[in-house]
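Peer 1: Structure in structure tokens, see below.
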């Protein structure tokens, strides 16, 4: 059966040809639209569905508002752009309308929006038969021609990732297990429920023009690295012992921390590639922003995972909707 | 209980203050964002939910793709803007993924997009537990400062509407009654399932700068006129005998054609106001594009409906989600 990614590829071939105004259409974290002689606009949308992407028993309306916006902010960051405006569409069943659900949802949204200096400018409120569904659209700006696509990685480039990996997937496991929200467990659960988009570092990377390719880790490192490789026509080699595994996973002695860092989704860290000779420059310029070098881009299309004992071919095992 | 419109008003007061870049935020057909020294961007989003806004037994995937885009194109037209790009997010249950539903949905979307010279640039595909949900976002452009809001109507202005009214609501009634899709009935059903957004006339009106206020008729004339009046701080008087009732309703002897024209939703015609002295100019410039004068803006906040026998106060009785 066609995968979600194959279907999107078909859409792109059929309808997604760029033109004079559409710089990048279907198939990246965000679309890039020529805006003025100095700026391009970047726009991205994400839908979250109750009982597929979230459970109301686990996430509060405020957290859901935060997360919905965070997911799209992460896409804007992955293009190297700075967010400017957002639109929230939400469908809820009648009983939730009668309570404070919507008010709190928008408060969660607005709080994160204020933190990242962007505005809620509109949306749509619909009734649904029984489930909650949310869709967010965020628009941002980037200097003309500086949006970072998935398609520019070159053999020899170093592969970097921001922050720590696997925490959001660990948090989900803890929620599923009914763990108490204390200590390291609470921090992991918060990573799952209220991800922090990498807006600042995304903007800086876009300005620096150092990355050759970038994506946000929404499906999982193995899948998102595969997207960069396939778009760039290259392979990659990453080293398991270099993964910045979430320290709260380690604190809780999670048995499969490496596995969660590799295939767990929704960390919303940025994965990007940098020409080898610019690695030092990158470190100097990012100063305190945490990034970790985890491998390098190779020729050919193969993606390899280097363990201490062996090197194996890495298949994308991240999240799939279908 | 708070109505949908009251809630949106609360959101606007709380989060929707315009700033240097956000010209118009929450509370109009689209948000207006300053883009360059010559252009503003207009963006709008709409969510449609299965069994609330459409039934899969009545609408084909292609028609749904068309309608989802049409609804947002209509908002862009109501701002006097020209559409440029679109984003489609869709959630579908597993069984529909396995068939041609998505392929046909996007074909319907793309066909209408091509007709109006805009591009599909992205979106999101999600799984849902059982219902289909779609959310569309469309971005357009307008000359700087020329976006037409709901808030500029002045006492004495003439009220105009494009095309014919009540047809979409008549089509819905025919679908509910299980009518055969032939002759005038087929045309009414098509108005409901595949509305034609008034992109051309919206663009022309924005360029001419003749309208003082504009909205699209999505909820119904009585409700949408009330939005213009409340945003503009004015009243209105409209004349029942001037309504351009859909000729297919008349052909089928619909007993409540006037009522459908007044309160039926989803016609996606444009309702706009024009200074009295510019009425002739408008007619000359619109040439063959059909518009009908149905009344005038008055002082105070009251909206009146003039029948042959009497004048009565008009309450908004259009569509409400909540």
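Chains as they are written, first to last, in the working numbering: chain A, 1 to 322; chain B, 323 to 644.
For each residue, glycine too, the CB sits at the ideal point set by N, CA and C.
1. Label residue 66 of chain A either buried or exposed according to how many other C-beta atoms from any shown protein chain fall within 10 Å of its C-beta, with 16 as the threshold for buried.
2. Following the continuous beta strand (DSSP E) through residue 634 of chain B, name the residue where it begins and the one where it ends.
3. Starting from the N-terminal side, write out each stretch of the alpha helix (DSSP H) that is 4 residues or longer and does not extend beyond the segment 415 to 485 of chain B.
4. Counting pairs of beta carbons, one from the segment 223 to 243 of chain A and one from the segment 174 to 181 of chain A, are three or more of them closer than 8 Å?
5. Closest by CA to residue 324 of chain B, which one among A:98, A:40, A:17, A:195?
6. What residue does the alpha helix (DSSP H) around residue 368 of chain B start on, and which one ends it?
7. Among residues of its own chain, excluding the 5 on either side of residue 298 of chain A, which ones have a beta-carbon nearer than 7 Å to its beta-carbon?
8. If you drop the 5 nearest sequence neighbours on each side, which residues of the same chain put their C-beta closer than 6 Å to that of residue 525 of chain B?
9. To the nearest whole angstrom, what separates the beta carbons of residue 374 of chain B and residue 127 of chain A, a pair I think is in contact under 8 Å?
10. Looking only at its chain, what residues have a beta carbon closer than 8 Å to the beta carbon of residue 552 of chain B, apart from the 5 residues adjacent to it on each side?
11. Are there 16 or more other CB atoms within 10 angstroms of the CB of residue 545 of chain B, so buried, or fewer, so exposed?
12. Mapping the DSSP letters down to three states, classify residue 547 of chain B as helix, strand or coil.
13. Does the beta carbon of residue 371 of chain B come closer than 8 Å to any beta carbon on chain A?
14. Note down, in chain order, each residue of its chain lying with its Cβ closer than 6 Å to the Cβ of residue 458 of chain B, except the 5 sequence neighbours on either side.
15. Is residue 171 of chain A helix, strand or coil when you go by DSSP?
16. So, does the CB of residue 151 of chain A fall closer than 8 Å to a CB anywhere in chain B?
17. Within 10 angstroms of its Cβ, does residue 35 of chain A collect 16 or more other Cβ (buried), or is it exposed?
18. With respect to the beta strand (DSSP E) encompassing residue 375 of chain B, which residues constitute its N-terminal and C-terminal limits?
19. Comparing C-alpha positions only, which one of A:170, A:90, A:11 sits nearest to residue 246 of chain A?
20. Which residues bound the beta strand (DSSP E) around residue 522 of chain B?
21. Does the count of Cβ pairs from the segment 587 to 601 of chain B and the segment 451 to 467 of chain B closer than 8 Å reach three?
22. By the three-class DSSP mapping on this structure, what secondary structure does residue 617 of chain B have?
23. Counting only beta-carbon separations shorter than 8 Å, does residue 4 of chain A have a partner in chain B?
24. Between which two residues does the beta strand (DSSP E) holding residue 393 of chain B run?
25. Please list the terminal residues of the continuous alpha helix (DSSP H) segment that includes residue 250 of chain A.
26. Decide if the segment 327 to 340 of chain B is in contact with the segment 251 to 258 of chain A; the criterion is three or more beta carbon pairs, one per stretch, under 8 Å apart.
27. Can you give the Cα-Cα distance for residue 103 of chain A and residue 124 of chain A, rounded to whole angstroms?
28. Residue 356 of chain B bridges to which residues according to DSSP?
29. So which residues of chain A does residue 419 of chain B contact, with C-beta pairs closer than 9 Å?
30. Would you list, in chain order, the members of the segment 117 to 130 of chain A that have their beta-carbon closer than 9 Å to a beta-carbon of chain B?
31. What distance in whole Å lies between the Cβ atoms of residue 214 of chain A and residue 78 of chain A, which are believed to be in contact at a cut-off of 8 Å?
32. Quick one: is residue 457 of chain B near chain A, going by C-beta distance under 8 Å?
33. So is residue 469 of chain B buried or exposed if we call it buried at 16+ other beta carbons inside 10 Å?
34. Please decide whether residue 307 of chain A counts as near chain B, where near means a Cβ-Cβ distance under 8 Å.
35. Could you tell me the alpha carbon to alpha carbon distance between residue 149 of chain A and residue 305 of chain A, rounded to whole angstroms?
36. Anyone know if the C-beta pair for residue 417 of chain B and residue 487 of chain B falls short of 8 Å?
Peer 2: Reading it off the structure:
1. Buried: at least 16 other Cβ atoms inside 10 Å.
2. First-last of the beta strand (DSSP E) with residue 634 of chain B: 633 to 635.
3. Residue ranges of uninterrupted alpha helix (DSSP H) with 4 or more members, entirely inside the segment 415 to 485 of chain B and ordered along the chain, are 416 to 419, 423 to 437.
4. Touching, no.
5. When each option's Cα is compared against that of residue 324 of chain B, the closest is A:98.
6. For residue 368 of chain B, no alpha helix (DSSP H) encloses it; the enclosing beta strand (DSSP E) starts and ends at 361 to 371.
7. By the criterion of a C-beta distance shorter than 7 Å, residue 298 of chain A is surrounded in its chain by 155, 234, 235, 236, 237, once the five residues flanking it on both sides are discounted.
8. Listed in chain order, the non-local C-beta contacts of residue 525 of chain B below 6 Å within the same chain comprise 404, local neighbours out to five positions each way being set aside.
9. In this structure residue 374 of chain B is in contact with residue 127 of chain A, their Cβ atoms being roughly 5 Å apart against a cut-off of 8 Å.
10. Only 623 meet the Cβ criterion.
11. It counts as buried.
12. Helix at residue 547 of chain B.
13. Closer than 8 Å to some Cβ of chain A, the Cβ of residue 371 of chain B qualifies, so yes.
14. If the five residues before and after residue 458 of chain B are omitted, its C-beta is found closer than 6 Å to the C-beta atoms of 368, 390, 391, 394, 410, all from its own chain and listed in chain order.
15. In this structure, residue 171 of chain A counts as helix in the three-state DSSP scheme.
16. No Cβ of chain B is located within less than 8 Å of the beta carbon of residue 151 of chain A.
17. Here residue 35 of chain A is buried. Its C-beta has 16 or more other C-beta atoms within 10 Å.
18. Note, residue 375 of chain B: premise wrong, no beta strand (DSSP E); not H, not E.
19. The shortest Cα separation from residue 246 of chain A among A:170, A:90, A:11 belongs to A:170.
20. For residue 522 of chain B, there is no enclosing beta strand (DSSP E); the residue is found in the alpha helix (DSSP H) stretching over 521 to 530.
21. No, they do not touch.
22. The answer is strand: DSSP assigns residue 617 of chain B an E or B state.
23. Closer than 8 Å to some Cβ of chain B, the Cβ of residue 4 of chain A qualifies, so yes.
24. No beta strand (DSSP E) contains residue 393 of chain B, which is instead part of the alpha helix (DSSP H) from 383 to 400.
25. Residues 247 to 251.
26. No, the segment 327 to 340 of chain B is not in contact with the segment 251 to 258 of chain A.
27. Their Cα atoms are separated by approximately 14 Å.
28. Residue 356 of chain B is bridged to B:362.
29. Ordered by position in chain A, the residues that pass the 9 Å Cβ test against residue 419 of chain B are 1, 2, 4, 7, 321, 322.
30. Of all residues in the segment 117 to 130 of chain A, only 119, 120, 121, 122, 123, 124, 125, 126, 127, 128, 129, 130 come within less than 9 Å of chain B when Cβ atoms are compared, listed by chain position.
31. Residue 78 of chain A to residue 214 of chain A, Cβ: 5 Å. Contact.
32. True, the Cβ-Cβ gap to chain A drops below 8 Å.
33. Buried.
34. No, residue 307 of chain A lies away from the interface with chain B (no Cβ there is under 8 Å from its Cβ).
35. Going from the Cα of residue 149 of chain A to the Cα of residue 305 of chain A covers about 24 Å.
36. Not closer than 8 Å, so no.
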